[in-house]
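Enquirer: This is the structure, below, for whatever I ask next.
In our numbering, the protein residues as written are 38 to 198.
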């Protein structure tokens, strides 16, 4: 009886350790999944904010709008935006552009902890000195995002026809 009790004890001990290892591994895996989902959601949120800022620009607030866009860009993309900002602001003012838009759908095509590709569908209206009424616009945008010191920033942006 003593020998059977020792075998049973060892078997139960090994089984218990195995269950603890399995539970620990599953908990770690779940934690990583939650963290990855949080990162994807943060990338989508940042990309959506930047696209909304871009398609909701007007002649009256173009300077503030471009400052907001620059704030959400990586250093290299910020440099590209700065090169185009002056010409775009002049065109907005000359044509009396007023645009409003909103993101209607967004999703991550691929992501890591450091970068993500986000596709966005947005809609809006644009009016200018050449139109009698606001014109409906639909946008599809590919946004490349980089995680810079815990903050998702735009590193590339492309309107898709």
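Just so it is clear, CB atoms sit at the ideal spot from N, CA and C, and this is done for glycine as well.
Among 53, 111, 163, which one has its Cα closest to the Cα of residue 133?
Expert: Within the chain shown, residue 133 is the residue found at index 96, counting from 1. Among 53, 111, 163, the Cα nearest to that of residue 133 belongs to 163.
Enquirer: Using the C-alpha atoms, what's the distance from residue 72 back to residue 104?
Expert: Taking the first residue of the chain shown as 1, we reach residue 104 at position 67. Taking the first residue of the chain shown as 1, we reach residue 72 at position 35. C-alpha separation (whole angstroms): 31 Å.
Enquirer: Measure the C-alpha to C-alpha separation of residue 148 and residue 49 and round it to an integer number of angstroms.
Expert: In the chain shown, counting from the first residue as 1, residue 148 sits at position 111. In the chain shown, counting from the first residue as 1, residue 49 sits at position 12. Residue 148 and residue 49: Cα-Cα distance of roughly 43 Å.
Enquirer: Compute the minimum distance between the beta carbon of residue 150 and the heavy atoms of the ligand ATP, and state whether it is under 6 Å.
Expert: Annotation note on the ligand ATP: not contained in the displayed structure, which lists no ligands.
Enquirer: Given a threshold of 16 other Cβ atoms within 10 Å of its Cβ, counted over all protein chains shown, does residue 102 qualify as buried or as exposed?
Expert: Taking the chain shown and counting its residues from 1, the one referred to as residue 102 is at position 65. It is buried - the Cβ of residue 102 has at least 16 other Cβ atoms within 10 Å.
Enquirer: Are at least three pairs of beta-carbons, each pair with one atom in the stretch 50 to 69 and one in the stretch 125 to 144, less than 8 Å apart?
Expert: No, the stretch 50 to 69 does not touch the stretch 125 to 144.
Enquirer: Beta-carbon within less than 6 Å of residue 177's beta-carbon, same chain only, minus the 5 sequence neighbours each way: which residues are those?
Expert: For the purposes of this step, residue 177 is taken as the residue at position 140 of the chain shown. Closer than 6 Å at the Cβ level, and outside the excluded window around residue 177, lie 158, 197.
Enquirer: Note down the Cα distance separating residue 199 from residue 53, rounded to an integer number of angstroms.
Expert: There is no way to answer for residue 199, as the model of the chain reaches only from 38 to 198.
Enquirer: In the DSSP output, which residue or residues are listed as bridge partners for residue 144?
Expert: Here the question's residue 144 lines up with position 107 in the chain shown. Its beta-bridge partners are 156.
Enquirer: Where does the unbroken alpha helix (DSSP H) through residue 150 begin, and where does it stop?
Expert: Taking the first residue of the chain shown as position 1, residue 150 is located at position 113. Counting along the chain, residue 150 falls outside any alpha helix (DSSP H), and DSSP gives it neither H nor E.
Enquirer: Give me the DSSP bridge partner(s) of residue 250.
Expert: Here the chain covers residues 38 to 198 and nothing more, so residue 250 does not appear.
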